[in-house]
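According to the numbering used here, the sequence shown holds residues 4 to 292 in order.
Even for Gly, the Cβ is constructed at its ideal location relative to N, Cα and C.
Read the structure below first, then the notes.
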Amino acid sequence: QTMIVGALARRQVESDIGEQLAQRSTAIASLLDRGMFERFRDMQILAVLPTLRDAQVSLVERRQLIEQLQITYPNYAWIGLTDAAGTVLISTGALLEGQNVSQRTWFQRAQQSPYIGDVHEAQLLSRLLPNPGGEPLRFVDIAVPVFDDNGSFVGVLGAHLSWQWAQEVSRALHTSSFTHNPEDVLILRADGRVILGPNQSIDQPLNVNSIAAAQNRQDGYLIETWPDGITYLVGYQQSFGYRTYPGLGWIVLVRQPTSVAFQPAIVLQQQMALALFALLALLVLLAGG
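Below, the structure is given as structure tokens:
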């Protein structure tokens, strides 16, 4: 009976740890959605300010406005305002000013309504922005149309949000982790390609059951063996957007090798087994006395 109790206790501990990883994946997905909503709202508010859309305001004043936003939130790698033809009028650090970006997806898509583009590597800005880490710069695009007082389209306000922001979100939660052991956080596009995780997996498709479950709008945890041959406990959650931000369907996975994740449960069962043996030994001694 004691062994049965020990096995039940172990399963309960394993379930608790799985729930903790599931909660962590949900928390990260929620923070990503809320963060994107705030940046989406920043651009929409900025686009209707008279300082930005009034052609009579000097370029210097308009540049100061967007640079102040970048100072307030440094994860904006670049913010720029174009004219109706796609030529950059002003930008943070004056980067790309005078260049035509009419072929860029964010300009084309944002001429009628706000646009949010998924994670991509830097193109025009790759050689212009500082990159102390040496890794490829990756951005999320946020762009909104700008109209004058008569309702005429006069340009696009675009921003490149550094994808390092997502890493910061993950690390911030890691410092107050639900678990006592380190875990891996992976973020994937809606189609299952990795956009945050081990370097060798970036932009690679990943085919595991937890991704399929998240794509089916499920959340929770499961145990599965990954392509590296290691069996993991995985918490999973897909992001769904927040308020006016429609979401990009990012999938968050938080994983631990079962050999690490279930160590507390193993220790608990061992302790209960030792307690049983000690009790039996004591009973034998008492009976012999």
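Sequence-distant residues of its chain with Cβ nearer than 6 Å to residue i (five each side left out)
i	result
MET6	Low confidence applies to MET6: its pLDDT is 47, below 50, so where it sits in the model is not reliable enough to give any reading.
ILE20	ALA264
SER28	GLY238, TYR239, GLN240, VAL255 and VAL257
PHE243	GLY250
ALA25	GLY223, TYR224 and GLY238
ASP134	Before going further, note that residue 134 is Asn rather than Asp in the sequence given. For ASN134, where only same-chain residues beyond five positions count, the Cβ hits under 6 Å are LEU140.
GLU22	none
ARG246	PHE40
Cβ-based burial, residue i [other Cβ within 10 Å; buried from 16]
i	result
LEU62	exposed
ARG14	exposed
SER179	Note that SER179 scores a pLDDT of 48, beneath 50, so its modelled location is shaky and nothing firm can be said.
VAL159	buried
GLU17	buried
ASP151	exposed
The ligand MG heavy atom lying under 7 Å from the CB of residue i
i	result
GLU100	Only the bare structure without any ligand can be found here, which leaves the ligand MG out of the picture.
Cβ-Cβ separation, residue j to residue i (assumed contact under 8 Å), whole Å
i	j	result
GLN102	PRO148	Rounded, the Cβ-Cβ distance is 19 Å, inconsistent with contact.
GLN259	GLU186	5 Å
LEU98	TRP81	6 Å
ARG65	ILE93	5 Å
ASP45	LEU84	Actually they are not in contact, since the Cβ atoms of ASP45 and LEU84 sit about 14 Å apart, beyond 8 Å.
SER118	ALA162	Note that residue 118 is Tyr in the sequence shown here, rather than Ser. About 11 Å separates the two Cβ atoms, so there is no contact after all.
Residue(s) in a DSSP beta bridge with residue i
i	result
GLU124	ARG141
GLU227	TYR235
PHE150	PHE156
GLY161	GLY83 and ALA146
SER322	Absent from the model: residue 322. The displayed extent of the chain is 4 to 292, so no value can be given.
GLN241	ILE254
8 Å Cβ cutoff, residue i in contact with chain D
i	result
ILE31	Absent here is chain D; the protein component of the structure consists of one chain.
Own chain partners of residue i with C-beta closer than 8 Å, once the 5 adjacent residues on each side are dropped
i	result
SER129	PRO139 and LEU140
ARG192	ASP121, VAL122, ILE198, LEU251, GLY252, TRP253 and ILE254
Residues near residue i in its chain [Cβ-Cβ closer than 7 Å; skip 5 each side]
i	result
ALA87	PHE156, VAL157 and GLY158
SER165	ASN78, ALA80 and PHE142
| Can you list the beta strand (DSSP E) stretches of 3 or more residues lying completely in the stretch 33-121, in chain order? | 79-85 and 91-94
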